[in-house]
Amino acid sequence: MAAAATMAAAAREMVLRAGTLDMEEEEGPLGGGPGLQETLQLGELDITSDEFILDEVDVHIQANLEDELVKEALKTGVDLRHYSKQVELELQQIEQKSIRDYIQESENIASLHNQITACDAVLERMEQMLGAFQSDLSSISSEIRILQEQSGAMNIRLRNRQAVRGKLGELVDGLVVPSALVTAILEAPVTEPRFLEQLQELDAKAAAVREQEARGTAACADVRGVLDRLRVKAVTKIREFILQKIYSFRKPMTNYQIPQTALLKYRFFYQFLLGNERATAKEIRDEYVETLSKIYLSYYRSYLGRLMKVQYEEVAEKDDLMGPSLRSRNTIFTLGTRGSVISPTELEAPILVPHTAQRGEQRYPFEALFRSQHYALLDNSCREYLFICEFFVVSGPAAHDLFHAVMGRTLSMTLKHLESYLADCYDAIAVFLCIHIVLRFRNIAAKRDVPALDRYWEQVLALLWPRFELILEMNVQSVRSTDPQRLGGLDTRPHYITRRYAEFSSALVSINQTIPNERTMQLLGQLQVEVENFVLRVAAEFSSRKEQLVFLINNYDMMLGVLMERAADDSKEVESFQQLLNARTQEFIEELLSPPFGGLVAFVKEAEALIERGQAERLRGEEARVTQLIRGFGSSWKSSVESLSQDVMRSFTNFRNGTSIIQGALTQLIQLYHRFHRVLSQPQLRALPARAELINIHHLMVELKKHKPNF
1 MAAAATMAAA AREMVLRAGT LDMEEEEGPL GGGPGLQETL QLGELDITSD
51 EFILDEVDVH IQANLEDELV KEALKTGVDL RHYSKQVELE LQQIEQKSIR
101 DYIQESENIA SLHNQITACD AVLERMEQML GAFQSDLSSI SSEIRILQEQ
151 SGAMNIRLRN RQAVRGKLGE LVDGLVVPSA LVTAILEAPV TEPRFLEQLQ
201 ELDAKAAAVR EQEARGTAAC ADVRGVLDRL RVKAVTKIRE FILQKIYSFR
251 KPMTNYQIPQ TALLKYRFFY QFLLGNERAT AKEIRDEYVE TLSKIYLSYY
301 RSYLGRLMKV QYEEVAEKDD LMGPSLRSRN TIFTLGTRGS VISPTELEAP
351 ILVPHTAQRG EQRYPFEALF RSQHYALLDN SCREYLFICE FFVVSGPAAH
401 DLFHAVMGRT LSMTLKHLES YLADCYDAIA VFLCIHIVLR FRNIAAKRDV
451 PALDRYWEQV LALLWPRFEL ILEMNVQSVR STDPQRLGGL DTRPHYITRR
501 YAEFSSALVS INQTIPNERT MQLLGQLQVE VENFVLRVAA EFSSRKEQLV
551 FLINNYDMML GVLMERAADD SKEVESFQQL LNARTQEFIE ELLSPPFGGL
601 VAFVKEAEAL IERGQAERLR GEEARVTQLI RGFGSSWKSS VESLSQDVMR
651 SFTNFRNGTS IIQGALTQLI QLYHRFHRVL SQPQLRALPA RAELINIHHL
701 MVELKKHKPN F
């Protein structure tokens with residue numbers, strides 16, 4: 001509708017413009033002419049008015065001409081007057097239609113008006129209700145402030161009453177003796193947990209009463225008598241239990257216990273508690289620590305002094321692998337039965353009794369004395385720790401501190417004794433066995449749930465490990481710096497130093513296999529390298545290569561045999577010496593076959609090389625040489641085999657090793673002669689007459705079996 005109105009206005013304006021233009025064309029600028037159809041109604045147009053400005057009219061006309069509708073009408077040649085009338089007619093129709101629409105919707109409009117009126121009434125009532133609510137909230141807010149003030153005052157009174165109640169409750173709880181406490185002290189056995197709990201409660205109440213008495217609390221007089229009687233009863237029951245417990249220790253036990261220690265404990269508790277019925281727990285603990293620490297220290301000092309009198313005689317200072325070959329010194333390099341000290345049966349066997357051993361004139365190695373000493377220490381320490389935890393009702397750091405208060409001086413004395421002994425000890429096997437004894441005793445203490453000795457075991461190992469490593473390093477250095485020429489006369493039999501090393505190394509390897517230690521294996525590896533170098537240096541003293549090989553094989557075989565008796569077959573030491581022995585044995589077999597069969601060996605190698613290079617034709621010039629080899633082998637092989645067999649059996653001390661070398665030599669001889677047969681089967685030598693004199697391989701094998709011992 002707005003667009004239609006706009007178009008109508010534009011049409012009317014164009015009509016006016018068109019009428020004016022027509023008048024100007026027909027009548028001229030001043031008057032009408034014959035073409036004028038109707039009178040021009042100018043209305044109250046005042047051309048003399050100041051508002052009539054021609055420039056503005058031109059601008060207005062120009063703006064209208066720019067209008068799109070006007071442009072479209074001018075282009076199409078529409079009669080603007082007729083178009084204006086048409087538009088006005090359409091506007092009238094639209095206006096009438098709009099009026100009819102309003103008339104049709106009059107009921108809805110009236111209904112909408114009624115609804116709006118009703119909403120206004122509802123909103124007015126809501127406004128009245130909200131006003132009433134606002135008034136009520138104002139009164140409630142004032143009441144809340146009053147309640148807050150009353151609540152704050154009540155909270156202050158409550159806190160004050162609770163503070164007073166707490167103080168009074170602590171006082172009453174500390175003074176009142178509950179019936180459960182009385183029943184437990186009078187009737188419950190000492191071993192029951194509730195007796196210990198109520199005993200602690202009794203101590204706490206006694207302390208609280210003493211504290212309140214110091215403050216002048218009059219109510220303490222009402223409970224003092226009851227607490228004293230209960231305390232006397234509790235001490236009496238505890239004393240009877242302890243005396244029975246300590247007295248029971250005098251009976252024989254599976255494990256060893258210090259002689260008279262149980263009886264001394266019995267006497268201590270009997271005398272001390274009998275004369276000090278009112279003694280506090282701290283006084284009992286302090287007296288116990290002082291008494292028992294003296295008992296343990298005195299006993300162990302005496303026991304160690306007597307124990308060392310049944311030890312083997314000490315070896316010479318700084319004895320090592322390169323020392324003189326004396327039978328008395330071999331004990332520190334051989335294990336023998338000494339390793340049984342770490343077996344399960346021997347480890348926890350009864351301890352040595354010095355005076356009994358002295359009467360039998362028995363002597364023991366240091367590790368046996370060490371085991372006996374530390375097993376007694378382990379057993380008594382475990383008993384002492386468990387007794388302290390049970391009797392004094394302590395655990396954790398408190399039990400650890402109390403245990404060391406009792407045993408600390410004894411442990412320190414034992415460490416000093418061990419340190420003094422190790423300063424002049426050069427028995428590596430003994431030290432290594434002591435290390436493994438400590439490792440096993442530490443596991444036993446852990447199984448018994450006694451952690452109090454952990455630090456002591458670490459201190460003992462801190463003394464043993466450095467000494468053991470030092471002794472091994474001294475042996476390594478001794479072997480490294482030894483000059484073979486200073487060892488006197490040499491022969492091809494196993495040297496006493498290599499035998500000593502084999503015994504020593506196998507002992508350490510067998511012990512280390514139970515609880516492996518990488519550092520020990522490294523030191524043994526260094527020692528093995530130096531011994532191998534030493535054997536090579538000694539072998540170089542022999543003039544002939546054959547004697548050198550015999551010496552090397554004898555020593556390698558001896559060391560391998562000793563190691564295999566104790567070490568595992570897959571150990572590094574066994575594998576190393578096995579490889580060395582195999583290499584030297586193969587070299588010796590070649591050296592052994594060279595004098596009688598060297599020509600045959602050389603020809604076979606040369607011929608096989610020519611055949612491999614495709615130069616077999618060069619064999620045609622070797623007929624004379626081949627004939628000589630065939631006849632020479634046939635005439636002398638039996639005597640040569642017999643001679644080398646006797647030579648081998650004379651050269652090697654180990655019959656089994658000599659037999660193995662003979663078997664290897666004869667096997668290699670058969671293989672050599674078989675290769676010789678293959679060379680002679682070549683076309684270049686197949687027609688050689690001397691081939692008829694070749695010995696049959698099977699016949700040769702049968703004959704050679706006769707020269708193989710135990711073949």
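Take 1 as the starting number for the sequence shown in UniProt numbering and just add one per residue. From the three backbone atoms N, C-alpha and C, an ideal C-beta is built for every residue, glycine too.
request  = Say whether the stretch 622 to 637 touches the stretch 602 to 609, bearing in mind that this needs 3 or more beta-carbon pairs closer than 8 Å, one atom from each stretch.
outcome  = They touch, by the three-pair rule.
ask   = Among the residues of its own chain, which have a CB less than 6 Å from the CB of residue 403, if the five just before and after it don't count?
value = 385, 388 and 452.
task = Could you pull out every residue in the same chain whose Cβ sits closer than 8 Å to the Cβ of residue 442, ignoring the five residues on either side in sequence?
result = Excluding positions up to five away in sequence, the list reads 453, 454 and 457.
key: Other residues of its chain near residue 702: CB distance less than 7 Å, five sequence neighbours each side excluded   = Nothing meets the Cβ criterion.
request  = Starting from residue 537, follow the alpha helix (DSSP H) in both directions and report where the run begins and ends.
outcome  = Counted as a single uninterrupted DSSP element, the alpha helix (DSSP H) harbouring residue 537 occupies residues 518 to 539.
ask   = Roughly how many whole angstroms lie between the Cα atoms of residue 632 and residue 587?
value = For the pair residue 632 and residue 587, the Cα-to-Cα distance works out to about 24 Å.
query = In this structure, does DSSP put residue 615 in helix, strand or coil?
reply = Coil, per DSSP.
task = Let me know the secondary structure DSSP gives residue 102 once reduced to three states.
result = The DSSP-derived three-state label of residue 102 is helix.
key: Helix, strand or coil at residue 288 according to DSSP, with G and I counted as helix   = DSSP places residue 288 within a helical segment (H, G or I) once states are collapsed to three.
task = Could you tell me the distance, in whole angstroms, from the CA atom of residue 466 to the CA atom of residue 291?
result = Each residue's Cα considered, the two are about 36 Å apart.
query = If we ignore side chains and look at the alpha-carbon of each, how far apart do residue 134 and residue 140 end up?
reply = For residue 134 and residue 140, the distance between alpha carbons rounds to 10 Å.
message = Using only the alpha-carbon positions, how far apart do residue 124 and residue 117 sit?
response = For residue 124 and residue 117, the gap between their C-alpha atoms comes out near 11 Å.
query = Based on the DSSP secondary-structure assignment, which residues constitute the bridge partners of residue 311?
reply = Its beta-bridge partners are 364.
key: Distance, residue 199 Cα to residue 231 Cα   = When rounded, the distance between both Cα atoms is 8 Å.
task = Taking the CB atoms as reference points, tell me whether residue 492 and residue 551 lie closer together than 7 Å.
result = Yes; because the gap between Cβ atoms is below 7 Å, this pair is in contact.
message = Can you look up residue 514 in the DSSP assignment and give me helix, strand or coil?
response = DSSP, reduced to helix, strand and coil, places residue 514 outside both helices and strands of the structure shown, so it counts as coil.
request  = Tell me, please, whether the stretch 332 to 347 touches the stretch 364 to 372 by the rule of three or more beta-carbon pairs shorter than 8 Å.
outcome  = A contact exists between the stretch 332 to 347 and the stretch 364 to 372.
inquiry  = Measuring straight from C-alpha to C-alpha, what distance separates residue 283 and residue 343?
reply    = Separation of residue 283 and residue 343 (C-alpha to C-alpha, rounded to the nearest whole angstrom) is 44 Å.
ask   = Can you name the start and end residues of the alpha helix (DSSP H) that residue 706 belongs to?
value = It is not in any alpha helix (DSSP H) - residue 706 carries neither H nor E in the DSSP assignment.
inquiry  = Given 6 Å as the limit, tell me if residue 388 has its C-beta closer than that to any heavy atom belonging to the ligand COA.
reply    = Ligands displayed in this structure: none; no statement on the ligand COA is therefore possible.
request  = Starting from residue 434, trace the alpha helix (DSSP H) both ways and give me its first and last residue.
outcome  = Residues 428 to 447.
task = Measure the alpha-carbon distance for residue 381 versus residue 520 and round it to whole angstroms.
result = Answer to the nearest angstrom: the Cα atoms are 30 Å apart.
ask   = Does the distance from the C-beta atom of residue 555 to that of residue 535 stay below 7 Å?
value = It is a contact, given that the beta carbons lie within the stated cut-off.
ask   = Residues in its own chain within less than 6 Å of residue 375 by CB, not counting five upstream and five downstream?
value = For residue 375, where only same-chain residues beyond five positions count, the Cβ hits under 6 Å are 351.
message = For the structure I just gave you, are there three or more beta carbon pairs, one from the stretch 187 to 196 and one from the stretch 150 to 170, closer than 8 Å?
response = Under the three-pair Cβ rule at 8 Å, the stretch 187 to 196 does not count as touching the stretch 150 to 170.
query = Where does residue 478 land, buried or exposed, given buried means 16+ other C-beta within 10 angstroms?
reply = The residue in question, residue 478, is buried, as its Cβ has 16 or more Cβ neighbours within 10 Å.
ask   = Where do the N-terminal and C-terminal ends of the alpha helix (DSSP H) with residue 494 fall, by residue?
value = No alpha helix (DSSP H) holds residue 494; DSSP gives it neither H nor E.
task = Check residue 396 in the structure and name its three-state DSSP category.
result = Secondary structure of residue 396 (DSSP, three-state): coil.
At least 3 beta-carbon pairs within less than 8 Å: the stretch 221 to 228 vs the stretch 170 to 189 = The answer is yes - the stretch 170 to 189 touches the stretch 221 to 228, with three or more Cβ pairs under 8 Å.
ask   = Roughly how many whole angstroms lie between the Cα atoms of residue 704 and residue 666?
value = Their backbone Cα atoms lie some 7 Å apart in a straight line.
task = For residue 483, name the three-state secondary structure that DSSP assigns.
result = In the three-state DSSP reduction, residue 483 falls in the coil class, being neither helix nor strand.
ask   = Going along the chain, which residues of its own chain have a beta-carbon closer than 6 Å to the beta-carbon of residue 627, five neighbours each way excluded?
value = Residues 690 of the same chain have their beta carbon placed closer than 6 Å to that of residue 627, with the five preceding and five following residues left out of the count.
ask   = So, helix, strand or coil for residue 353, using DSSP?
value = Of the three classes helix, strand and coil, the one that applies to residue 353 here is coil, per DSSP.
ask   = For residue 685, does the three-state DSSP call read helix, strand or coil?
value = Under the three-state reduction of DSSP, residue 685 is assigned to coil, being neither helix nor strand.
query = Alpha carbon to alpha carbon, how far is residue 286 from residue 392?
reply = Straight-line measurement puts the Cα of residue 392 at about 11 Å from the Cα of residue 286.
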